[in-house]
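In my numbering, the protein residues as written are 1069 to 1266.
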């Protein structure tokens, strides 16, 4: 999510994170509840495309988002074609794609800090029943920031193996990657403990 944010001046970028998340959630739910027909799938595709264009992100960003989830769509479509008619399979896959792309609008147009602040504010009313809003926001922040770190660690392991001339296999990659990942987790845990987080 850290690498997805794209600075911009469109109305989606200017919208407050909390209300924007709520509206996009409603849109995602509405798209998923559409019937499994090609007409409904066309409506979902139209709403998604309009959201990207009106939101100021444009065709290029929309295209990149579609390409980034291509394997999800291929697997979803392939699995459904085994059990359902082609029309229903295509309609369902289009609805799934639309839901993913609409959800992606949130991270494309919202800074992580703003999103975390909105989560913390949204959870404050639940503190009466024992929910620690700050801790949930902290866990979410750590999770979000860890994803790009793990991607970078994986790339580092691959580069080190190539530099040594090691044939990269699954087992040969997984063990060094787990070692560096666990080392990172230990360092992160020590840093949080040093700051009084338990």
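Cβ atoms here follow ideal geometry from the backbone N, Cα and C, with glycine treated the same way.
All values reported here derive from a predicted model rather than from experimental measurement.
Q) Is the distance from the Cβ of residue 1080 to the Cβ of residue 1177 below 8 Å? A) yes
Q) Counting only runs that start and end within the segment 1184-1266, where is the alpha helix (DSSP H) found for 4 or more residues in a row? A) Complete alpha helix (DSSP H) runs here, min 4: 1201-1231, 1238-1262.
Q) Which whole-angstrom value describes the C-beta separation of residue 1089 and residue 1206, a residue pair presumed to lie in contact below a C-beta threshold of 8 Å? A) With a Cβ gap of about 18 Å, residue 1089 and residue 1206 do not count as contacting.
Q: Count the C-beta pairs between the segment 1155-1169 and the segment 1127-1135 that are closer than 8 Å, then say yes if the count reaches three, no if not.
A: Contact check between the segment 1155-1169 and the segment 1127-1135: three or more CB pairs, one atom from each, fall below 8 Å, which counts as touching.
Q) Does the distance from the CB of residue 1129 to the CB of residue 1115 come in under 8 Å? A) no
Q. Mapping DSSP to helix, strand and coil, what is residue 1137?
A. coil
**Q.** Proximal residues to residue 1144 (C-beta, below 7 Å), its chain only, five neighbours per side dropped
**A.** 1161, 1164
Q.
Quick check on DSSP: helix, strand or coil for residue 1086?
A. In this structure, residue 1086 counts as helix in the three-state DSSP scheme.
Q.
Using only the alpha-carbon positions, how far apart do residue 1235 and residue 1242 sit?
A. Approximately 13 Å between the Cα atoms of the pair.
Q.
Taking the alpha carbon of residue 1087 as the reference point, which residue from 1120, 1185, 1147, 1248 has its own alpha carbon closest?
A. 1185
Q: Determine the closest residue to residue 1123 out of 1258, 1082, 1146, with distance taken between C-alpha atoms.
A: 1082
(Q) Beta-carbon within less than 6 Å of residue 1137's beta-carbon, same chain only, minus the 5 sequence neighbours each way: which residues are those? (A) 1168
Q | Rounded straight-line distance, which links the Cα of residue 1192 to that of residue 1271 | A | In the structure as shown, the chain starts at 1069 and stops at 1266, and residue 1271 therefore has no counterpart that could be examined.
Q.
Less than 8 Å between the beta carbons of residue 1149 and residue 1159, yes or no?
A. no
Q: Provide the residue span of the alpha helix (DSSP H) that contains residue 1172, from first to last.
A: 1154-1177
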